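Everything below concerns the one structure shown next.
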Ligand SMILES: Nc1ncnc2c1ncn2[C@@H]1O[C@H](COP(=O)(O)OP(=O)(O)O)[C@@H](O)[C@H]1O
Ligand SMILES: [Mg+2]
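See below:
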């Protein structure tokens with residue numbers, strides 16, 4: 142049986158003034174359903190590049206991403222966009238909420254794309270239920286500008302989860318927050334993973350957040366090594 146998520150010898154090079162630079166030099170990883178993984182490493186080591194490839198926002202130079210027995214790296218751009226919408230959730234360092242929409246509207250945005258999993262009414266109640274779970278019950282009609290940084294990141298997490306992704310990718314999700322908020326968001330992500338049971342990959346500088354994941358890998362010089370700490 143193959144793993145739920147499998148990365149096979151992922152490589153990524155960028156063309157630069159001095160020729161090609163290889164950022165990822167053969168990344169292989171197996172993750173089970175619901176498993177939690179941290180990717181740690183210094184700025185510029187390739188964490189975002191790797192997450193973007195796993196989440197189909199970017200293509201590798203070589204190698205395969207296989208999710209639920211489907212080779213995602215073999216899909217056309219149109220098919221990849223569909224899979225990304227239905228199966229993968231993203232949380233970034235910056236919330237990327239639309240300023241002119243309410244929190245609830247922001248959370249429901251991904252449901253407007255085609256191929257709906259649930260009727261609109263059920264998405265609405267899932268959105269409300271998730272917003273309640275993350276402590277935003279009385280902020281649903283607020284605009285992002287009327288929320289604190291921590292609340293905005295909570296809303297962004299709910300938006301990432303609204304379509305019930307089987308894979309959640311979080312790229313420095315606590316990187317823009319103060320210590321207390323970072324701690325709360327870290328706990329929230331872990332709690333939601335337990336409830337929703339999606340496979341979770343977190344790229345982070347924070348050893349505190351990384352410490353909450355079941356598996357930790359260090360990304361150094363283009364390769365992943367299981368981390369002791
Ligand atoms: N589009 C791009 N073109 C050229 N180089 C890039 C591009 N994106 C990232 N890089 C380079 O790849 C390396 C890894 O970047 P990144 O994945 O953002 O690292 P991290 O997220 O760990 O900070 C950096 O050296 C960066 O300059
Ligand atoms: Mg990054």
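In the numbering used here, the protein residues as written are 142 to 370.
For each residue, glycine too, the CB sits at the ideal point set by N, CA and C.
For clarity, every value in this text was computed on a predicted model and none was experimentally measured.
Per DSSP, cross-strand counterpart(s) of residue i
i	result
residue 231	310
residue 172	146
residue 327	In the DSSP output, where bridge partners are listed per residue, residue 327 has none listed.
residue 212	207
residue 296	Residue 296 pairs with nothing; no bridge assigned.
residue 163	154
residue 357	179
residue 342	178, 310
residue 365	360
Closest Cα partner of residue i within the set the options
i	options	result
residue 242	286, 291, 180	286
residue 311	342, 246, 289, 325	342
residue 248	221, 293, 289	293
residue 239	351, 332, 288	288
residue 270	161, 302, 353	302
residue 174	369, 365, 188, 355	355
residue 146	334, 196, 223	196
residue 366	322, 181, 234	181
residue 290	314, 279, 267, 265	314
residue 192	160, 369, 164	164
residue 149	162, 158, 211	211
residue 273	295, 260, 262, 323	295
residue 264	282, 299, 234	299
residue 246	324, 268, 335, 318	268
Residue i CB to nearest heavy atom of ligand 2 below 7 Å
i	result
residue 188	yes
residue 344	yes
residue 332	no
residue 328	no
residue 199	no
residue 312	yes
Buried/exposed call for residue i, threshold 16 Cβ in 10 Å
i	result
residue 236	buried
residue 258	exposed
residue 250	exposed
residue 350	buried
residue 253	exposed
residue 276	exposed
residue 161	exposed
residue 157	exposed
residue 179	buried
residue 230	buried
Near ligand 1: residue i beta-carbon under 7 Å from a heavy atom
i	result
residue 160	no
residue 184	yes
residue 155	yes
residue 164	yes
Any non-hydrogen atom of ligand 3 closer than 7 Å to residue i Cβ
i	result
residue 225	Among the ligands modelled here, namely ligand 1 and ligand 2, ligand 3 does not occur.
>> Three Cβ pairs or more, each shorter than 8 Å: is that satisfied between the stretch 199-208 and the stretch 152-160?
In response: yes
> Between the stretch 298-308 and the stretch 322-341, are three or more C-beta pairs nearer than 8 Å?
Replying inline: yes
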